[in-house]
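> Take this structure first; my questions come after.
Residue numbers (full-length UniProt numbering), protein chains in the order written: chain A, 1 to 321; chain B, 1 to 321; chain C, 1 to 321; chain D, 1 to 321.
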């Protein structure tokens with residue numbers, strides 16, 4: 001059994017990680033650290049775990065762990081990593097943005113298995129990708145891999161409220177968020193940097209813009225992203241590229257029908273749908289922001305690092321409704 | 001024109017009051033006080049007012065007002081009233097719980113027009129009823145008036161999130177409140193006291209229990225309440241009682257179809273539906289918690305105090321969806 | 001009083017029209033035709049009208065009307081107009097797509113007051129614009145008017161479920177639509193034709209593409225549209241253009257804060273917000289699809305035709321939550 | 001491996017059953033019958049299954065099955081059972097109401113494991129309980145078992161929209177159901193009969209009324225039920241009864257905190273919370289209507305029949321948000 005530690009155990013991504021790891025056949029929760037909840041049962045912070053586990057939050061990380069997941073807010077992981085509280089022998093999967101970019105990665109491998117699976121298998125430290133970044137990259141990687149992104153890409157994506165974390169704020173207030181829609185950080189969202197680095201990794205002459213409009217949706221879980229750009233290829237040619245690219249990636253599937261967010265909520269899947277209209281290739285992708293966009297992908301990375309089947313513990317029942 | 005002041009102008013009930021008064025043909029917003037927003041345009045706190053009015057929040061109440069609405073949280077109104085910041089000549093409509101109960105009313109009249117219309121017309125100071133209390137009383141007043149509440153009453157009611165105010169908390173977080181349901185303060189909700197006082201006012205031998213289960217609904221506006229108790233009367237007899245009781249009350253209507261919350265959202269209406277099953281008379285009522293349950297009723301009281309038509313400024317378009 | 005007839009009175013846009021006209025100080029509902037509901041009270045089809053009006057649906061149009069609103073589905077209005085059931089003397093406002101395009105307008109004026117107000121005042125027959133088309137045009141008209149649309153425009157817009165009408169279908173099923181998001185007719189939505197005709201009307205050298213991704217949102221009312229295109233102008237210059245263009249249009253306002261759908265639900269307003277990022281001017285617009293996007297705009301057109309103040313009966317309380 | 005057949009495979013409960021069985025370690029989907037979808041892939045009816053399984057719907061039941069789940073609408077199972085299309089050797093789990101009542105059970109055992117586990121283990125044919133009935137019984141069984149239901153019980157319960165099935169209707173329309181609440185069949189819901197039969201089974205002098213107000217909630221999955229009745233016992237005594245009763249039932253847990261629906265969505269758990277107020281014992285229960293209230297419980301019954309661990313394949317990740 002892989003002995004697992006979690007730091008920052010009271011937040012949304014940690015909660016989802018615990019839900020997944022609880023039923024993972026080859027992992028064992030050893031130490032879940034939360035200073036604010038230290039000494040309390042896990043289900044005090046994550047009430048859906050009531051009846052599932054009797055573990056309590058630790059104040060300090062138990063050192064008898066094989067892997068540590070960092071689930072604190074952005075900007076806090078680097079300090080933890082440097083502080084020495086994590087045993088040298090433990091692998092690290094960081095869910096924050098701190099080590100995602102090449103110039104400041106400090107040896108962390110960017111943990112998108114559909115891009116970097118072989119490197120992940122050899123890695124000790126993983127920078128788990130952002131949720132929007134994951135979904136958008138899934139819609140674009142095969143095109144970059146084929147060297148086909150030679151014009152600007154336009155992306156619209158909508159996300160559920162859990163992406164904004166559990167801290168109650170004006171924009172996560174039910175009375176405001178429900179039956180609403182709004183955009184934020186249009187054309188400047190920080191996930192653009194991750195996305196461009198990955199596209200450049202696959203297509204080294206990539207030099208175009210990615211124009212991205214992020215939208216807040218009136219739902220809790222899931223991301224739908226739509227990317228389009230002009231192409232001379234036929235729809236069939238592009239579909240073939242996508243099928244070939246994802247052939248041996250177990251969580252990504254092509255759909256011949258238009259997609260909706262609900263299809264993947266609760267699962268680690270990414271579904272893609274391709275259309276061609278007016279000379280533009282248009283790729284829709286859907287993922288669960290908390291699973292494939294965060295904690296599920298983190299477990300997928302753990303599986304790869306430890307030589308397990310990539311899908312171990314991740315064949316999850318979808319919510320569907 | 002009636003010159004209106006509002007104290008506590010940045011909250012939900014104040015916002016709804018402003019929305020109504022903006023279009024009231026015989027009222028004029030003179031001074032909207034909010035210490036936290038002093039000097040800002042009203043639409044900074046109530047962004048839907050953008051384009052509708054250029055008024056700014058005051059730090060202190062302008063004394064040239066005919067009526068003042070108190071929209072602060074419970075427990076704050078009594079201090080304001082005693083502080084002398086409200087001109088002696090001004091009428092007061094308090095939306096808090098501070099003066100609702102007979103033993104501590106300090107001359108405030110309980111402002112439920114369907115119970116106390118004549119007293120309201122003569123009043124200088126109004127204690128505006130609670131939202132649950134308004135809806136539940138509408139389902140029961142005609143029975144009490146006829147002396148028919150001689151056994152325990154059971155009440156279930158569900159409310160929208162705006163009833164909990166605009167402060168972001170764990171139970172108003174979208175990720176939690178959406179697609180959820182929960183109860184709170186079962187059998188002990190403080191509105192029970194208002195309700196029992198009114199029933200006793202109409203039926204002086206009233207001595208039974210009112211068992212009330214308040215529920216939080218996954219919606220923003222509206223209350224649905226269901227009250228039932230045993231009766232020997234036929235459905236028709238009870239319907240006749242209700243029709244007679246509400247005949248000259250312009251906002252309360254009987255429906256011959258089952259009700260839903262959406263029918264009255266955005267309006268000052270109360271709709272009622274009666275059924276008889278297994279010897280029980282069952283009365284469903286729906287109101288908008290922010291309108292008939294708060295700010296609309298406050299304006300209805302203002303209209304009565306100033307001798308206007310009770311419906312002035314309150315013929316509002318329903319939202320319907 | 002303007003005597004009003006409505007044909008197709010049981011649908012969503014008709015319901016909203018009735019809600020508005022009920023309280024319009026200078027209009028009187030004379031005849032609401034619905035074959036399916038003939039002889040029933042209006043509130044049987046529109047239960048929120050319970051208590052507001054006692055009118056029943058007609059089987060045939062009463063001929064004593066000054067204006068007739070056509071609220072049937074797309075493709076049905078032309079037949080009605082040609083059938084002679086509408087008195088020759090009556091003005092017509094058609095809410096369908098049947099007469100919106102110049103080549104088949106049959107004398108109908110495209111009823112977007114912010115584009116064609118003077119023509120509308122002289123018109124007998126109005127083709128009321130589409131909901132997406134209205135919102136998107138509001139974000140672009142000042143740019144076209146200034147001749148500034150010289151590159152492709154990219155538009156993302158999300159709409160509430162009432163835009164899909166009241167017929168229950170798989171994609172309007174609550175279990176599917178709630179907590180979901182999806183796109184439809186990407187790059188090919190039929191409102192593009194209206195939009196391009198209007199842009200060409202203002203900027204006769206307009207020849208670029210408008211790329212439009214329509215999204216279904218998990219809410220009932222409202223549209224948010226985001227349009228962007230490259231510009232050399234500064235943000236301030238573009239804001240000046242917008243302010244000048246809409247200066248005497250009472251329902252359109254510029255906001256200096258980012259927008260959300262909720263701000264305008266229930267009203268006939270259009271709010272706009274401008275940003276400039278990475279050389280792109282980005283305009284967000286919000287309207288209520290049933291009001292400014294349909295029935296409110298239809299009444300605005302009626303007001304203009306009959307020489308009333310454009311805002312008569314349209315100063316509506318917003319829902320806000 | 002247990003070879004599984006499903007009849008009525010395109011509906012909501014069948015979809016949930018497939019989601020569960022897909023990952024069940026000891027069951028294998030052999031034949032999923034749907035006349036309307038015969039020949040199509042399962043994911044055409046259940047799009048969340050895209051990528052998970054390549055099985056197609058059958059027109060007729062494959063006879064090589066060990067157990068058959070009947071997922072058709074109420075009233076259709078009896079005909080199927082009598083028609084002979086199910087092999088004699090196969091066990092049957094019927095999810096409809098057809099065989100739930102003692103006088104017409106035809107040898108079917110009422111499949112509530114928390115009531116009848118030993119009988120279920122010996123059964124060939126199971127009548128799977130109703131969703132409301134399951135949740136309400138969980139709140140009352142220990143009291144009946146202790147002979148403590150000697151006065152009327154009052155129950156309020158709210159359910160998600162999936163309980164109404166996938167057929168689009170006026171009351172499942174998103175534009176109506178969202179942000180709404182309504183009651184239906186108050187005091188007369190047909191699940192009352194199941195509930196009373198079970199209470200009588202445990203407490204043979206049970207002769208009181210159960211007053212039940214069913215409510216439609218603005219959410220898709222889950223039921224919250226609140227039951228209360230007068231009691232002389234202390235809260236601690238009743239908690240002890242509940243703890244003892246459910247001690248060896250793996251899916252039912254007591255919570256010391258108030259409950260919400262979200263805690264159990266996606267799981268087969270039932271959570272219970274007890275309070276005592278004003279002489280009344282008040283029990284809140286939550287389940288997922290599609291899992292513990294339908295298909296999860298059906299699999300739990302299958303596990304018991306085939307001598308598997310009761311939780312096999314049912315340790316499901318909760319949705320939580």
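For every residue, glycine included, the Cβ atom is placed at its ideal position computed from N, Cα and C.
Quick caveat: nothing in here was measured; it's all calculated off a predicted structure.
Between residue 293/A and chain D, is there a C-beta pair that is closer than 9 Å?
no
> Considering only DSSP beta bridges, list what residue 157/D is partnered with.
Bridge partners of residue 157/D: 214/D, 225/D.
> Find out if the Cβ-Cβ distance for the pair residue 93/D, residue 69/D is shorter than 9 Å.
yes
> On the CB-based measure, 16 or more other CB atoms within 10 Å of its CB, does residue 96/A come out buried or exposed?
buried
> Name the chain D residues that come within less than 9 Å of residue 220/B, Cβ to Cβ?
179
> If distances are taken between C-alpha atoms only, which option among 63/B, 209/B, 12/B comes closest to residue 42/B?
Minimum Cα distance to residue 42/B is reached at 12/B.
> Under three-state DSSP, which class holds residue 137/C?
helix
> Does residue 316/D get closer than 9 Å to chain A when you measure Cβ to Cβ?
yes
> Could you give the residue range of the alpha helix (DSSP H) that holds residue 191/D?
191-202 is the extent of the alpha helix (DSSP H) around residue 191/D.
> Alpha carbon to alpha carbon, how far is residue 259/A from residue 87/A? Give it in angstroms, no decimals.
43 Å
> List the residues of chain B that residue 3/D touches, going by C-beta distances under 8 Å, in chain order.
Going along chain B, no residue has its Cβ under 8 Å from residue 3/D, so there is no contact; the nearest lies around 36 Å.
> Within the continuous alpha helix (DSSP H) that includes residue 300/C, where are the two ends?
The continuous alpha helix (DSSP H) containing residue 300/C extends over residues 296-305.
> At the 9 Å Cβ level, is residue 166/A part of the contact set with chain B, yes or no?
yes
> Going by CA-CA distance only, name the one from 306/A, 30/A, 271/A, 134/A that's closest to residue 58/A.
30/A
> Hey, residue 286/B and residue 225/B: beta-carbon distance below 9 Å or not?
yes
> Taking 8 Å as the limit between beta carbons, can you name the residues of its chain near residue 1/C, skipping five residues before and five after?
Spatial neighbours of residue 1/C in its own chain (CB-CB distance under 8 Å, excluding positions within 5 residues in sequence) are listed in chain order as 26, 27, 28.
> Quick check on residue 197/C - is its C-beta less than 9 Å from some C-beta in chain G?
Included in the structure are the protein chains A, B, C and D, with no chain G among them.
> With DSSP run on the structure shown, which of helix, strand or coil describes residue 31/B?
Residue 31/B falls in the strand class under three-state DSSP.
> Note down, in chain order, every chain B residue with its Cβ under 8 Å from the Cβ of residue 258/D.
Here the neighbours are 182, 183, 184.
> Can you tell me the Cα-Cα spacing of residue 167/A and residue 167/B, whole angstroms?
12 Å
> Beta-carbon of residue 206/B versus every beta-carbon of chain D: anything under 9 Å?
No, residue 206/B lies away from the interface with chain D (no Cβ there is under 9 Å from its Cβ).
> Going by DSSP, what residues sit across from residue 110/B in a beta bridge?
127/B
> When you compare the CB positions of residue 140/A and residue 195/A, do they come within less than 9 Å of one another, or not?
yes
> On the three-pair Cβ rule with 8 Å, is the segment 120-140 of chain B touching the segment 151-167 of chain B?
Taking 8 Å as the limit for Cβ pairs, the verdict is that the segment 151-167 of chain B does touch the segment 120-140 of chain B.
> How big is the Cα-Cα spacing for residue 8/A and residue 182/D?
41 Å
> Jot down the residue ranges of each uninterrupted beta strand (DSSP E) in the UniProt domain "Semialdehyde dehydrogenase NAD-binding" (3-123) of chain D, minimum 3 residues, whole runs only, in chain order.
27-33, 67-70, 91-94
> Note down the Cα distance separating residue 90/D from residue 303/D, rounded to an integer number of angstroms.
14 Å
> Tell me which same chain residues have a C-beta within less than 7 Å of the C-beta of residue 200/B, skipping the five on either side of it?
Hits under 7 Å: 206.
> If we count the other Cβ atoms within 10 Å of its Cβ and call it buried at 16 or more, is residue 16/A buried or exposed?
buried
> Which value, in whole angstroms, describes the spacing of the CA atoms of residue 249/C and residue 113/C?
8 Å
> Please decide whether residue 209/B counts as near chain D, where near means a Cβ-Cβ distance under 9 Å.
yes
> Beta-carbon separation of residue 262/B and residue 180/D under 9 Å?
yes
> For the putative contact between residue 255/A and residue 282/A, defined by C-beta atoms under 8 Å, what is the C-beta separation to the nearest angstrom?
About 14 Å separates the two Cβ atoms, so there is no contact after all.
> List the residues of chain A whose Cβ lies closer than 9 Å to the Cβ of residue 51/C, in chain order.
Those within 9 Å of residue 51/C in chain A number zero; the least Cβ separation is about 25 Å.
> Mind checking if residue 34/C is an interface residue toward chain B, Cβ cutoff 9 Å exclusive?
no
> Taking the alpha helix (DSSP H) that residue 241/A falls in, what are its first and last residues?
235-246
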